[in-house]
Amino acid sequence: MHSSLLSSDAFLYHGSNIFLPVIDLDKERDFLDFGKGFYTTTSKKQAILWAESATNRKKNGTPTVSKYRLEGVEDLSVKVFESANIEWLGFVVKCRTTRGVCHNYDIVKGPVADDDARFFLDGYQEGIYGFDISGKMLFIELMGSIKLKEQIYFSSEKAIKALTFLGSVG
33 MHSSLLSSDA FLYHGSNIFL PVIDLDKERD FLDFGKGFYT TTSKKQAILW AESATNRKKN
93 GTPTVSKYRL EGVEDLSVKV FESANIEWLG FVVKCRTTRG VCHNYDIVKG PVADDDARFF
153 LDGYQEGIYG FDISGKMLFI ELMGSIKLKE QIYFSSEKAI KALTFLGSVG
């Protein structure tokens, strides 16, 4: 296993408005942090927030958190962002403005541009901080003022096969 993906005893959680024992990448949304794909987190609390948000946004279903174990990623292409840095910023901006998957990674792990971060990210994309290196550095400094949660994203069927569904959790 890629050592920077998970500790050996960690589980992944996905928050949705439906029970999700089978993952269908075609039903996932475009224009998200790492592109169209399946998003998980190691934080059950974060998954609960995602489940509530999905239920409110879609105005149907029930907040549901699914639990997964990740195994067998040795042959997958994995990208890990340890923090919200300039490389992460460029990657997220590209993915949030491109339909589908805009990279060749099976799995991406990194910070979530959540509602707190979205305020700064929207400002960056509108040019408020400028697009040169000083604007990027200002954005990264502002991002450092908030504690970002982590997400682990899956873009390919090959990556989805590395997930074992363990059921829904309360």
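All residue numbers for the sequence shown refer to my numbering, where the first residue is 33 and numbers rise by one.
Ideal Cβ placement from N, Cα and C applies to all residues, glycine included.
As the structure is a computational prediction, the values presented were derived from the model and not from experiment.
Looking at the strands, I want to know which residues DSSP matches up with H46. Within the DSSP secondary-structure output, H46 pairs in a beta bridge with S98.
Distance, R101 Cα to I50 Cα: 19 Å
If you pair each beta-carbon of the region 181–189 with each one of the region 70–89, do three or more pairs fall below 8 Å? yes
Thinking C-alpha only, which one of P53, T73, S48 is nearest C61? Looking at the sequence provided, one finds Arg at residue 61 rather than Cys. If we check each option's Cα against that of R61, S48 comes out closest.
N- and C-terminal bounds of the beta strand (DSSP E) containing K141: Element bounds for K141: 139–143.
Would you say the region 115–126 touches the region 162–174, given that touching needs at least three Cβ pairs under 8 Å? yes
Rounded C-alpha distance that separates V97 from G122: V97 and G122 have their alpha carbons spaced roughly 30 Å apart.
Where does K166 land, buried or exposed, given buried means 16+ other C-beta within 10 angstroms? Checking the sequence, you will find Ser at residue 166 rather than Lys. When all chains shown are included, S166 counts as exposed.
Residues that DSSP places opposite L195 in a beta bridge: L102
Pull up the DSSP beta-bridge partners for V54, would you. According to DSSP, which records beta bridges pairwise, V54 is partnered with nothing at all.
I need the boundaries of the beta strand (DSSP E) containing T72, first residue and last residue. 70–72
Reducing DSSP to helix, strand and coil, say where K91 ends up. Shown here, K91 sits in coil according to DSSP, grouped into three states, outside any helix or strand.
State the beta-bridge partners of F186 as determined by DSSP. F70, I139
Residues in the same chain with beta-carbon distance under 8 Å from L44, minus the five sequence neighbours each way, listed in chain order, please. L38, T72, T73, T74, K99, Y100, R101, L102, I184, L195
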